[in-house]
Ligand SMILES: NC(=O)c1ccc[n+]([C@@H]2O[C@H](COP(=O)([O-])OP(=O)(O)OC[C@H]3O[C@@H](n4cnc5c(N)ncnc54)[C@H](OP(=O)(O)O)[C@@H]3O)[C@@H](O)[C@H]2O)c1
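In the numbering used here, the protein residues as written are 2 to 282.
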């Protein structure tokens, strides 16, 4: 099998390339600055042949997107629309990575794939447009919605809490009113490979099992790297970030389980596994 990976140098892309190597899958890596998915000429002429195109490229700065609206839509929506047309024209299936931020997080129960969407941020709106384009224009496709990623090649929550724990006075304030399932990109990459091998088509949720607030996740990190640190719960309102976040955006993974026969590891086991990686903190 040969996978063409866009956004291959990002947090997820790096682990996906690594997983391909481990699984004996040929991976063609494309990313900025040589390859820009918003450049239609490059999309038309430089996407190589492959069994699947996996799009991990995205505008991911959720707060900045509130003022860089055009840039967020250019990468997450317009480029994806063009990519879907190119892949369809060339008969290459497209796997698009999407996000829990397409939901408003007000339902209070884990979201299934067909639940109504209602993004509350520019980032979420731009990613939803990308999803809609893939559904409308692709022949064969997978849309993989995931959330709260952490991986070695990114500035993730675990690293940022780890840095504060190591450098600060052992007291942290972390939001307690946003609940998700923090997902390790190493495990998500394994799931992506299973999905492209599954022969399935459509939208699927893939996250770690279980759920926790950012505060609970920070406590779990502290227990592992600085026991005794004081992690204080605060509200999102106190943090006052530019973009709104869904308060409860846990995704129901049942479809992934039924398609692949495998459950994803829990967020807590994933954290343990991640922390064994060189460069995890
Ligand atoms: N991180 C999360 O918590 C999270 C949660 C849910 C879903 N997702 C989704 O998961 C996917 C992977 O996210 P990630 O966290 O791995 O993001 P990331 O680390 O920001 O990686 C994205 C990659 O895409 C590249 N890129 C940006 N604009 C591009 C363009 N115009 N052309 C080509 N490449 C471009 C980036 O390059 P530069 O770094 O040079 O900009 C980067 O290498 C995205 O679809 C994201 O929306 C992420």
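C-beta atoms are modelled at their ideal positions from N, C-alpha and C, and glycine is treated no differently.
Nothing here was measured: the structure is a model prediction, and the numbers come from that model.
Any chance the CB of residue i is under 7 Å from a heavy atom of ligand 1?
i	result
residue 12	yes
residue 192	no
residue 160	no
residue 30	no
residue 36	yes
residue 213	no
residue 98	yes
residue 88	no
Let me know the secondary structure DSSP gives residue i once reduced to three states.
i	result
residue 56	strand
residue 35	coil
residue 235	strand
residue 244	coil
residue 28	strand
residue 74	helix
residue 250	coil
residue 159	helix
Just checking my contact of residue i with residue j at CB under 8 Å: how many whole Å lie between their CB atoms?
i	j	result
residue 184	residue 212	Wrong, their Cβ atoms sit about 11 Å apart, outside the cutoff.
residue 152	residue 204	The pair is not a contact, with the Cβ atoms about 23 Å apart (cut-off 8 Å).
residue 89	residue 139	5 Å
residue 265	residue 155	Actually they do not touch by this definition, with Cβ atoms about 19 Å apart.
residue 24	residue 194	6 Å
Hey, would you say residue i sits closer than 8 Å to residue j, going by beta carbons?
i	j	result
residue 206	residue 142	no
residue 177	residue 214	yes
residue 55	residue 29	no
With three or more beta-carbon pairs closer than 8 Å as the criterion, would you say the stretch 97-104 touches the stretch 233-248? yes
Using 8 Å as the threshold, is the stretch 64-72 in touch with the stretch 110-121, meaning 3 or more CB pairs across them? no
Sufficient close CB pairs (3 or more, under 8 Å) joining the stretch 159-166 to the stretch 130-139: no
Is the number of C-beta pairs between the stretch 23-41 and the stretch 71-81 that are closer than 8 Å three or more? yes
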